[in-house]
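Engineer: Just dropping this structure here.
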Amino acid sequence: MAKLSSDELLEAFKELTLIELSEFIKQFEDTFGVTAAAPVAVAAAGGAAAPAEAEAEQDEFDVILESAGEKKVQVIKAVRELVSGLGLKEAKDLVDAAPKAILEKVDKAAAEAAKAKLEEAGAKATVK
Numbered sequence: 345m346a347k348l349s350s351d352e353l354l355e356a357f358k359e360l361t362l363i364e365l366s367e368f369i370k371q372f373e374d375t376f377g378v379t380a381a382a383p384v385a386v387a388a389a390g391g392a393a394a395p396a397e398a399e400a401e402q403d404e405f406d407v408i409l410e411s412a413g414e415k416k417v418q419v420i421k422a423v424r425e426l427v428s429g430l431g432l433k434e435a436k437d438l439v440d441a442a443p444k445a446i447l448e449k450v451d452k453a454a455a456e457a458a459k460a461k462l463e464e465a466g467a468k469a470t471v472k
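Okay, structure coming up:
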């Protein structure tokens, strides 16, 4: 495996959703037996500035699950398909926490496709 520079790693992390970053941090902690509490705070602070930047350009969109509707099981399945690596419990917790961001910082086509998939499953979703 080629060694990546710090800048290359940061660019790769910018492409991840908060859920994917959280899963990576858990895996990192398990692999190396450490706690990454300080880097999480830094990542969260960096993520707070991103929405203002996204609003200026509006080339990145968030898919928000507003409510699960009548067919909660189908919505949980749709969420698991949309968010890679999500277990059944995590998907259920995400659906139960609605309104909640399902995908963050995705292009318009991916956001619209995700919204359509959620609505097809019976959920109410918005793209912001």
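For what it's worth, my numbering labels the leading residue of the sequence shown as 345, then goes sequentially. Just so it is clear, CB atoms sit at the ideal spot from N, CA and C, and this is done for glycine as well. Note that the structure is a prediction, hence the values are computed from the model and not measured.
Quick check: what's the CA-CA separation for residue 409 versus residue 432?
Structural biologist: If I take the Cα positions, the gap works out to 17 Å.
Engineer: Kindly identify the DSSP beta-bridge partner or partners of residue 444.
Structural biologist: DSSP lists 409 as partners of residue 444.
Engineer: With DSSP collapsed to three states, give me the class of residue 415.
Structural biologist: Residue state, collapsed to three classes: coil.
Engineer: How long is the line joining the alpha carbons of residue 417 and residue 443, rounded to whole angstroms?
Structural biologist: Residue 417 and residue 443: Cα-Cα distance of roughly 17 Å.
Engineer: Where does residue 426 land, buried or exposed, given buried means 16+ other C-beta within 10 angstroms?
Structural biologist: Buried.
Engineer: If you count every other CB in all the chains shown that lies within 10 Å of the CB of residue 358, and 16 or more means buried, which is it?
Structural biologist: Its Cβ having fewer than 16 others within 10 Å, residue 358 is exposed.
Engineer: If we count the other Cβ atoms within 10 Å of its Cβ and call it buried at 16 or more, is residue 378 buried or exposed?
Structural biologist: Looking at its Cβ environment, which holds fewer than 16 other Cβ atoms inside 10 Å, residue 378 is exposed.
Engineer: Locate the beta strand (DSSP E) running through residue 470, then write down its first and last residues.
Structural biologist: That run of the beta strand (DSSP E) goes 468-471.
Engineer: Once DSSP output is grouped into helix, strand and coil, what is the label at residue 384?
Structural biologist: Here residue 384 scores only 45 on pLDDT, less than 50, and its place in the model should not be relied on; the value that follows carries that caveat. Helix.
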